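The structure appears below as structure tokens.
Protein chains: 2
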Amino acid sequence: MLAKQHLFDDATRVTAGDSRWRGQTSDDYWAFVGPFGGATAATILRALIDHPQRSGDPLSLTVNFCAPIAQGPFDLDVRLVKANRSTQHWSVELTQEGADVATFATAVFAARRPSWSHQPAQLPKAPPFEAARPYPKSSLTMSWVRQYDFRFIEGEPQFAGAPHAEPASASSKMWIGDRVPRKIDMLSLMSMSDAFFGRIFHVRNEMLPFGTVSLTTYFHADAEDLAGEDISHVLAVADARIFHKSYGDQSGELWSPNRRLLATTHQIAYFKA
Amino acid sequence: MLAKQHLFDDATRVTAGDSRWRGQTSDDYWAFVGPFGGATAATILRALIDHPQRSGDPLSLTVNFCAPIAQGPFDLDVRLVKANRSTQHWSVELTQEGADVATFATAVFAARRPSWSHQPAQLPKAPPFEAARPYPKSSLTMSWVRQYDFRFIEGEPQFAGAPHAEPASASSKMWIGDRVPRKIDMLSLMSMSDAFFGRIFHVRNEMLPFGTVSLTTYFHADAEDLAGEDISHVLAVADARIFHKSYGDQSGELWSPNRRLLATTHQIAYFKA
């Protein structure tokens, strides 16, 4: 029953084809001039996870945002580039009405075998989700922001205030869950990995023309690990190292409250300032 | 005159085609079971930089290593996926004798316009290159290692010693330059971004089966910036956050001695332990 489906699942729904799958943009996950990149990335990942030839779990997904996506349906050309014993390499091209490629993605899936485990990274300190204050709903007009329950621990943007006279920290720390709670899976991790506010907004405390150009997310838990976590929010930290000649970077981590690092994410983004 | 060419330029040489370019592996840049991934990545980048349709400078390059590359020639299928006013999206598929794709890459090029600049990241502290001790040549048998002048500041591997009883730090800090000095350009930055030793070697102080699966490098300087640096070595730091179910991550930074962050790099790698 679609009526009972979570908005996120509705927004990232795909229809199977052979090599051509179909999806469509969602007004519920809309950003500046097109769909929220995280929803697009999750839709692409869903087509791969649902693909009959898929084996293993997502290990990495790189999404290159080549051109704006218009409101409406799109095609996903899905291709298994190379399959090995335990890994698969995929490419996905998103087009609309036969026009140029708007989004271009490559993914690696892997059958993750048991091994020595070691996690040098530590869960950043934060009060529990329940104790943190939700980010006010009305702060931003983009619809995708309203689909998430952001709870900033550090670096909450105060867009009502004046731009910073001196650059502030580019780092932020927040809890993030779906506004209507939904168990964290690979799809929501993928989407949340693009659900950070632009680092430049944190540094300058102002909204500027901004767009992710290329995004890569690495998954450090497999589907079994993730199901075992049984969580509906993650602790998300991000930072930037440099803004130069119209492009800036971002690195982020998505943490289970149970101290497990679930995913790391990196991107390069355009800005006008 | 090829005889006067730097080994690196020889190793990453390409022959132009329309959409199909040619390259070949170099015995001078050989790793465990195939060519050094950095040389492969740089060769792919060279084909793009030399391409008549290329405009702008490399902004990001993602390389997915799908299968071993055999010694000998290879074809590069180069495709301009989408061109905008100031960015280009490319894909490159490396094949040998018409077999399956062995390496699959996507790249973004951008005409980088002047903008507000801000570099929150700081050059890590290190004695100057000249004062640092070169890593002994004979430690490793892989030929690519001999093409670089590594000078560790922190985390120098001691493979002659016993494996660590407890996991050591995954981080390392080193100067790196070509063994035969060569001015740093986009190609050498790309190659050096894969010239870190596997993080697991640092943590365990032992060599184990290891292979990069997917590598993404972001360039934070354009060709003009880089030419202005006029350097032949960079300070390279790297760290890892997690090793789990046969895969581990790595994030690295490549710094000009002049305090400019030139590139950041991220990868997910397979290990057997």
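Top line first, the protein sequences correspond to chains B and W.
When the letters of the first sequence are read in order and numbered with the working numbering, they come out as residues -3 to 269.
When the letters of the second sequence are read in order and numbered with the working numbering, they come out as residues -3 to 269.
Even for Gly, the Cβ is constructed at its ideal location relative to N, Cα and C.
All figures in this text were calculated on a predicted structure; none of them were measured in a lab.
Nearest to residue 97 of chain W by C-alpha distance, out of W/80, W/72, W/113 and W/114, is W/72.
If you look at residue 39 of chain W, you'll find it in the alpha helix (DSSP H) that goes 33 to 45. Look at the beta carbons and you see the region 49 to 57 of chain W touching the region 206 to 221 of chain W: at least three pairs across the two are nearer than 8 Å.
At a cut-off of 8 Å, the C-beta of residue 240 of chain W has a neighbouring C-beta in chain B. For residue 204 of chain B, same chain residues with a beta-carbon under 8 Å away, outside a window of 5 residues either side, are 194, 196, 197, 267, 268 and 269 in chain order.
Residue 51 of chain W carries a coil assignment under DSSP once its states are collapsed to helix, strand and coil.
At least one beta carbon of chain B lies nearer than 8 Å to the beta carbon of residue 115 of chain W. Inside the region 75 to 140 of chain B, DSSP marks whole beta strand (DSSP E) runs of 3 or more residues at positions 83 to 91 and 99 to 106, from first to last along the chain.
Here the alpha carbons of residue 149 of chain B and residue 123 of chain B stand approximately 8 Å from one another. Less than 8 Å divides the Cβ of residue 40 of chain W from the Cβ of residue 90 of chain W.
Counting along the chain, residue 230 of chain B sits inside the beta strand (DSSP E) bounded by residues 229 to 235. A buried status is given to residue 106 of chain B, since no fewer than 16 other beta-carbon atoms sit within 10 Å of its beta-carbon. Around residue 236 of chain B, the same chain offers 166, 195, 244, 245 and 246 as residues with beta carbons nearer than 6 Å, after the five sequence neighbours per side are excluded. For residue 262 of chain W, the enclosing beta strand (DSSP E) has its first and last residue at 257 to 267. Chain-order list of chain W residues neighbouring residue 269 of chain B: 111 and 112, by C-beta distance under 7 Å.
In the three-state DSSP reduction, residue 182 of chain B falls in the helix class (H, G or I). With respect to the 8 Å criterion, residue 25 of chain B and residue 184 of chain B are not classified as neighbours on the basis of their beta carbons. A contact is defined here as three or more CB-CB pairs under 8 Å, and the region -2 to 18 of chain B meets this definition with respect to the region 161 to 177 of chain B. For residue 236 of chain B, at least one C-beta of chain W is nearer than 8 Å to its own C-beta. Residue contact check for residue 163 of chain W against chain B: a CB pair falls below 8 Å. Beta-bridge partners of residue 240 of chain W (DSSP): W/243.
In terms of Cα proximity to residue 80 of chain W, the closest of W/226, W/259, W/231 and W/104 is W/104. Under DSSP, residue 69 of chain B takes part in a beta bridge, and its partners are B/20. Excluding the 5 residues flanking it on each side, residue 146 of chain B has same chain C-beta neighbours closer than 6 Å at 131, 170 and 172, in chain order.
Beta-bridge pairing by DSSP links residue 170 of chain W to W/148 and W/232. Around the beta carbon of residue 74 of chain W, a 10 Å sphere encloses 16 or more other beta carbons of the protein chains shown; the residue is thus reported as buried.
Within chain B, no residue has its CB atom less than 9 Å from the CB of residue 5 of chain W, the nearest being about 27 Å off. Burial check for residue 29 of chain W: the Cβ neighbour count within 10 Å stays below 16, so the residue is exposed. Residue 230 of chain W sits away from residue 210 of chain W, with the two beta carbons spaced by 8 Å or more.
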